[in-house]
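Here is the structure we will look at.
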Amino acid sequence: MGAQKTQSRSPVGGDTSKAGMWGFFTGVITAALIAVPLSAAFAFATHPETRFLFTNAVDVSAGGYATFWWVATIFLLSLPFLVGFGVARMSRQTLGIVAGVVVVFLIALLVLAQVLFW
Numbered sequence: 012m013g014a015q016k017t018q019s020r021s022p023v024g025g026d027t028s029k030a031g032m033w034g035f036f037t038g039v040i041t042a043a044l045i046a047v048p049l050s051a052a053f054a055f056a057t058h059p060e061t062r063f064l065f066t067n068a069v070d071v072s073a074g075g076y077a078t079f080w081w082v083a084t085i086f087l088l089s090l091p092f093l094v095g096f097g098v099a100r101m102s103r104q105t106l107g108i109v110a111g112v113v114v115v116f117l118i119a120l121l122v123l124a125q126v127l128f129w
C-alpha cells in the first residue's frame with residue numbers, strides 16, 4: 012500500500028517531465044523555419060529606403076513602412092517562444108485560444124499592410 016506515483020499527461024502525448032523537451036524541440040524547429048523571413052523582415056525594418064524595392068507597389072512614408080516591418084519582425088521573433096511554451100505548458104483548449112490569437116494577429120498585420128501599402 013505504498014504511495015502510487017501518477018503521471019499526468021501533456022498535450023503532446025507524453026508525461027509532463029518530457030513536455031519541456033517537446034516545447035524546446037518545437038521552438039527550435041519553428042526558429043529554423045522562420046530564420047530567413049525573420050532576417051528579411053529585420054532588414055526591411057532597419058533600412059526604410061528598401062521601400063523603393065517595391066516600386067509602383069508601395070506608396071507609403073518611411074515611418075509607416077518601418078512600423079509595418081517592425082511589427083512583422085516582433086511577431087516572427089516571438090513565434091518560436093510562443094510555440095515552444097504552448098506545446099510544453101498548455102492544454103488543447105488553451106492551444107486553440109493561442110492559435111486564434113495568432114490568426115487574429117496575422118489578419119491584423121494583413122489589414123495593416125493593405126492600409127499602408129495599397
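The sequence shown maps to residues 12 to 129 in my numbering. Where a beta carbon is used, it is the ideal one built from N, C-alpha and C, also for glycine.
Do we get a CB-CB distance below 9 Å when we pair valine 98 with the residues of chain D?
-> Within the model displayed, chain D is absent; a lone protein chain is all it includes.
Leucine 64 - containing alpha helix (DSSP H), residue span | Per DSSP, leucine 64 belongs to no alpha helix (DSSP H) and is neither H nor E.
Under three-state DSSP, which class holds serine 102?
-> Of the three classes helix, strand and coil, the one that applies to serine 102 here is coil, per DSSP.
Which residues in the same chain as arginine 100 place their Cβ atom closer than 6 Å to its Cβ, once the five residues preceding and following it in sequence are excluded?
-> none
How many whole angstroms separate the CB atoms of threonine 61 and phenylalanine 55, which I take to be in contact at a CB cut-off of 8 Å?
-> 5 Å
Can you tell me whether DSSP reads isoleucine 85 as helix, strand or coil?
-> helix
Note down, in chain order, each residue of its chain lying with its Cβ closer than 7 Å to the Cβ of tryptophan 81, except the 5 sequence neighbours on either side.
-> Ala56
Assign leucine 64 to one of two classes, buried (16 or more other C-beta atoms within 10 Å of its C-beta) or exposed (fewer than that).
-> exposed
Of the choices Pro48, Ser50, Ser72 and Leu49, whose alpha-carbon is the least far from that of proline 59?
-> Ser72
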